[in-house]
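Residue numbers (the numbering used here), protein chains in the order written: chain A, 172 to 264; chain B, 4 to 146.
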Amino acid sequence: MTAALLGWSILVAQLFLGLGMGCAAFRLMRGPRAQDRVLGLDTMYVNATMLLLTFGIRTGSTHYFEAALVIALLGFVATAALAKFLMRGEVIE
Amino acid sequence: MNPAADIPLWVAVPTALLLLLGAGLALVGSLGLLRLGSFYERIHAPTLGTTLGIASVLAASMLYFSALQTRPVLHEILIGIFMVVTTPVTLMLLARAALYRDRTEGSRDVPLPSPPPQRPGTDASAPDSVIVQSGAEKGRQGL
């Protein structure tokens, strides 16, 4: 009973997150300007973090947590560097 | 095979609800990214997922692993703190970069930069204040 409940809710949550990543990927490829693409990339990073957490709940192993933490870190660094690049034209002055 | 079989029901139901809430908020934010019209409207949309969305998923994960390992598992708070600290910083940087790009292109959709503050007691038409202002302009361009 509880296994079925958790299994179905995790499946639906993963479908939602995958669909959200699809929307972000559309904005990443289509986005009229560079800042739209960076925003889509940032959204994809956040959705990937949540998707890894749901994978961790599904398998019951805490190893996915570390991957989610690394993805969150990479998302911050990537978005900050890209915003700096859009602002100045170079990342490290 | 499935570790979720020996989870009590009073843990499974909140975990499922929190997971669905978090994933639904992330989906709504991503759909807003798809549907909204301009960049300055779009930059608000993903913050649904980065605040309550990821908080719900993290709470679900903490609850589930605490019940699974029969001890408090709190290391998901790390991701929560990290998201709360970094999301405003990155989105602020991105919005300022977009505003800078729009202003340098002379777009009419963005407000003009606010004029430099005048010093109290100086007349704007006096020559020395003009010199002071041009010096400030030079300093700003030098930055």
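Note that CB positions come from ideal geometry on N, CA and C, so glycine has one too.
Since the structure is predicted, the reported quantities are computational estimates derived from the model, not experimental observations.
Top-ranked residue by Cα proximity to residue i, from the options
i              : options                           : result
G52 (chain B)  : B:T73, B:L71, B:L66 and B:G83     : B:G83
A249 (chain A) : B:R38, B:V92 and B:R74            : B:V92
L245 (chain A) : A:T220, A:G260 and A:I228         : A:T220
L23 (chain B)  : A:F247, A:G211, A:S180 and A:A243 : A:S180
A29 (chain B)  : B:W13, B:G40, B:D9 and B:T50      : B:T50
A196 (chain A) : B:A48, B:L36, B:L77 and B:E108    : B:L36
A252 (chain A) : A:I242, A:I263 and A:A243         : A:I263
Q206 (chain A) : B:L21, B:L97 and B:L115           : B:L97
A8 (chain B)   : A:R229, A:V209 and A:Q185         : A:R229
A100 (chain B) : A:M200, A:Q185, A:M172 and A:L210 : A:L210
L222 (chain A) : A:E261, A:M172 and A:A238         : A:A238
G25 (chain B)  : A:H234, A:V217, A:I242 and A:E261 : A:V217
F85 (chain B)  : A:M200, A:I242 and A:M258         : A:I242
Backbone CA spacing between residue i and residue j [nearest angstrom]
i              : j              : result
L55 (chain B)  : P123 (chain B) : 46 Å
S110 (chain B) : P11 (chain B)  : 59 Å
F226 (chain A) : F42 (chain B)  : 32 Å
D105 (chain B) : V113 (chain B) : 7 Å
S33 (chain B)  : Q121 (chain B) : 44 Å
L182 (chain A) : M215 (chain A) : 19 Å
G27 (chain B)  : V60 (chain B)  : 10 Å
M147 (chain B) : V31 (chain B)  : There is simply no residue 147 (chain B) to check, as chain B begins at 4 and stops at 146 in what is shown.
L39 (chain B)  : H47 (chain B)  : 10 Å
L190 (chain A) : T89 (chain B)  : 24 Å
E108 (chain B) : G193 (chain A) : 31 Å
A58 (chain B)  : I80 (chain B)  : 9 Å
L20 (chain B)  : S117 (chain B) : 47 Å
L240 (chain A) : L115 (chain B) : 40 Å
L71 (chain B)  : A184 (chain A) : 20 Å
F247 (chain A) : F236 (chain A) : 17 Å
G178 (chain A) : G231 (chain A) : 12 Å
L102 (chain B) : L188 (chain A) : 30 Å
P203 (chain A) : A15 (chain B)  : 43 Å
W13 (chain B)  : M200 (chain A) : 43 Å
Three-state secondary structure assigned by DSSP to residue i
i              : result
T233 (chain A) : coil
T225 (chain A) : helix
G189 (chain A) : helix
E44 (chain B)  : helix
M215 (chain A) : helix
D112 (chain B) : coil
M65 (chain B)  : helix
M172 (chain A) : coil
I84 (chain B)  : helix
Q206 (chain A) : helix
V262 (chain A) : coil
V76 (chain B)  : coil
R122 (chain B) : coil
V133 (chain B) : For V133 (chain B), the predicted structure reports a pLDDT of 47, less than 50, and the residue's modelled location is therefore unreliable. The matter cannot be settled from this model.
L94 (chain B)  : helix
Listed in chain order, which residues of the segment 40-56 of chain B have Cβ atoms closer than 9 Å to some Cβ of chain A? Within the segment 40-56 of chain B, the qualifying residues are F42, R45, I46, A48, P49, G52, T53 and G56.
Any residues in the segment 26-39 of chain B with a beta carbon nearer than 8 Å to a beta carbon of chain A? Which ones, in chain order? Taking 8 Å as the Cβ-Cβ cut-off against chain A, the residues of the segment 26-39 of chain B that qualify are A26, G27, A29, L30, G32, S33, L34, L36 and L37.
Under 7 Å, CB to CB, which of the residues in the segment 75-90 of chain B have a partner in chain A? Near chain A, meaning a CB-to-CB distance below 7 Å, the residues of the segment 75-90 of chain B are H78, E79, L81, I82, F85, M86 and T89.
Pull out every residue of the segment 97-128 of chain B whose Cβ sits closer than 8 Å to any Cβ of chain A, in chain order. Correct list: L97, R99, A100, A101, Y103 and R104.
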